[in-house]
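The next block holds one structure in the form of structure tokens; read it before the comments.
Protein chains in written order, with this note's numbering: chain X, 159 to 626; chain R, 3 to 433.
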């Protein structure tokens, strides 16, 4: 579709000429996200305020132009690729941290704030914003809320949604809705803040949020346990948790992940082991944290760890986390394309899930690297391939189907933190069922009757509303 | 079966598939990119640039002025090269695409600047009054060449504010061709005196030679060195770069020196890459590699020696700015700081993000004024927080930009090369 000149002129009047992009190069740069998927938008419009977003949406709704909200485009489900064209709406200009309220322990931020910047700002007040997706420096709060992002620390601290106390969002017709606030308790009306959380830009455009902060733990210790057997490593997760210990994180990396990250960063990780676990304990009492990490180390040794090393200082710890966050990209050293999946299973099923993924990898002759947040049951099987080879691509799709089937079979789900986007859409019904999709479509229709907001993402397109 | 992609640029030097195919678009480069952080626009990001490059090189996009302009918007600071866990080098790709554009359609002004002017140091020095290099190479020529006919009034004002006090005489005319070593003779070093140091930062280079000699080095400063080639790399003229390289290699071979030392971060980064740029040349590859292996930044070289401890004291707060061409291009991070910390009384105060680009990148003030100033203002906020008496940085481009930055931000600090402070500490002991 092309957007008519009159509409473009009105958009320029709303945001200013320099914030309406239509050059081929600009459009190309907004045709992708953190996946291999691509589609050209018709226009890119960069709003600077909630009011501008409102005016843009009013106009787009009138002309039935798709609007695809976007943060830093690091999504892994092709949720912001503008299939079908329309306007990509990057919210990056709206990057003000409006308030850190130490007494109420809240942060009020615009959607375009980079998550790491919020964490840094919170820490200046000795406060803590725990959600820590690997993309912490290349994702925004708006995107994190829209995808209900997770990260390693979710094991102890929960996901983004657990920290959303209120949102300001713009509805498809341009109306601005505010929901929630700084109160801990609030049962007045439906909880729209949570409805928008994980809605992937399909129900409204989140422009501001009020987020819960917690006290920053004073002490942190991080251990790396190496295992000769991947199976032993995944069993260790349950052994630690069943001993009544809840570490901040328990991250699993298999052999290929270790080798790739070591090639990229040279940290001296054990490249001859089948797996490592990175386990972190944190808290407010130095001895308590030390006892916890020591107890964890003993359990690891009992379950077959060949070595357990505790990071000796903050620099070593920072290196470990930089390494962990770079696992995904470092895998690309092995193949031109990779598909990072995101299944989540009840954590008791982690060993079985890992076994099944490795079996699928062997049978389909595709390298599938396993790493992820084993402690909370969320695994990232990453399939390495070359998309230019049609035979490989075919096997990749079979592998995805089988991995999803295994997750659902084990009582789990397709996605723990990446979202459905486009890539998981074909498998959605097998997970949530027909009725759930129909109810979601009713909600979508109530909020966005013309279907302009990120159409075709997160849930299947429906027939046009009969009310129009 | 792998589908072959079309090769739209036969017989030209282009990045290989290995250099651009493996970007998985994770976005990890975004946070490190000064231009992206300034405009928060994907087109200004390493990921955006490498995506455009890929589309151009696999034949699905045409080479257009605007696509090449995106490559010129890159500051080539190299932060993305370091950040990429895959091992991609988006900043290098941007530079390579500028060279591709030059191969497709040579720009006439580059002939004048790189092949006629910079090859003749004497001609440059003749064009001295009053703005020397900057007038000759800087905004007039480049602005005309790039057909920038209207510079903003505040942009012109800022360009003038960038300039240090113009020395009456060049460094080349003040530094002897052979400077004898003081004390025990340690090495015979060739001093590569860069254009900007020669014409604008003469005091810095005089200090360099004094400090080298003070520490037992015989210093040879050849008269006929040509440009290091970095401006040619920046403007995508690798033919010119290679011509400079061959001239300089031959010149220093004849001097029979142990090391080739430069006090310009940019020159050093370029000289160290001669081996890379001439790798495909059967006559020059080996000689170039040998030349590059001898090149050392002044701070790198001095740190490798056991230096005479300077007796003089300098009571001052100093903050150090890492030039991109030193910290990333040459991985020289600690050495300049070590030199500063040798000085009694000097307090080295680290600024936040000391290795964040200052936005100079050669001529960005002319070609991309708004972005360049935005990047600079972020840098100066970090400088100001250290309340320095001196800002030290071993790069003339950075020094000019920081000079302007101090004026824009009202910071009362002197901009110096680290070696100048060391030299002063040596001078003071003689008083």
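No residue lacks a Cβ here, since even glycine has one placed at the ideal position from N, Cα and C. Only a predicted model underlies this, so the values are computations on that prediction, with no experimental measurement involved.
query	result
Separation of residue 35(R) from residue 248(X), as counted between CA atoms	18 Å
Near the ligand GDP: residue 427(R) beta-carbon under 7 Å from a heavy atom	Because no ligand of any kind appears in the structure shown, any question about the ligand GDP cannot be addressed here.
Partners in chain R for residue 576(X), counting only beta-carbon separations shorter than 8 Å	Residues of chain R passing the Cβ test: none, with the nearest at roughly 13 Å.
Strand pairing of residue 329(R), partner residues [DSSP]	DSSP lists no partner for residue 329(R).
Bridge partner(s) assigned by DSSP for residue 367(X)	267(X), 325(X)
Coarse secondary structure for residue 367(R), derived from DSSP in three states	helix
Whether residue 31(R) touches residue 49(R) by CB criterion (8 Å)	yes
Same chain, Cβ closer than 6 Å to residue 562(X), five either side skipped, listed in chain order	572, 585
Assigned exposure category for residue 323(R) - 16 Cβ within 10 Å defines buried	buried
Residue-level contact to chain R via CB, residue 180(X), 8 Å cutoff	no
Chain R contacts from the segment 420-432 of chain X (Cβ-Cβ distance under 9 Å)	421, 422, 423
Assigned secondary structure, residue 57(R) (DSSP; H/G/I helix, E/B strand, else coil)	helix
Opening and closing residue of the beta strand (DSSP E) in which residue 259(R) lies	Looking at the DSSP string, residue 259(R) is not in any beta strand (DSSP E), and its letter there is neither H nor E.
Contact list for residue 87(R) against chain X, beta-carbon separation under 7 Å	422, 484, 487, 488
Local conformation of residue 50(R) per DSSP, three classes	helix
Residue 537(X) - partner residues in DSSP beta bridges	530(X)
Identity of the residues DSSP links to residue 247(X) by a beta bridge	227(X)
Amino acids of chain R, ordered along the chain, whose beta-carbon sits closer than 8 Å to that of residue 253(X)	42
Every unbroken alpha helix (DSSP H) within the segment 250-309 of chain X, with a cutoff of 4 residues, ordered by chain	273-282, 299-305
Residue 435(X) in three-state terms, based on DSSP	strand
Enclosing alpha helix (DSSP H) for residue 515(X) [first to last residue]	508-522
According to DSSP, residues forming a beta bridge with residue 348(R)	318(R)
Span separating the alpha-carbon of residue 217(X) from that of residue 165(X)	8 Å
Residue range of the unbroken alpha helix (DSSP H) whose run includes residue 157(R)	155-164
Residue 361(X) versus 329(X), 344(X), 346(X), 380(X), residue with shortest Cα-Cα distance	329(X)
Under 7 Å (Cβ pairs) to chain R, residues found in the segment 283-299 of chain X	293, 295, 296
Residue 22(R), enclosing alpha helix (DSSP H) - first and last residue	19-22
Contained beta strand (DSSP E) runs [length at least 3] in the segment 166-209 of chain R, N- to C-terminal order	189-194
Buried versus exposed call for residue 197(R) [16 or more other C-beta atoms within 10 Å across all chains shown]	buried
Proximity test, Cβ basis, 8 Å: residue 230(X) and chain R	yes
CA-to-CA distance, residue 229(X) to residue 472(X), given in whole angstroms	30 Å
Environment of residue 354(R) [buried if 16+ CB atoms lie within 10 Å]	exposed
When 402(X), 222(X), 540(X), 183(X) are compared against residue 47(R), the one with the closest alpha-carbon	183(X)
Residues bridged to residue 573(X) [DSSP beta-bridge criterion]	500(X)
Residues, ordered as in the chain, of the segment 25-41 of chain R that lie near chain X by beta-carbon distance below 7 Å	26, 27, 28, 29, 30, 32, 33
Cutoff 8 Å: residue 183(X) Cβ touching any chain R Cβ	yes
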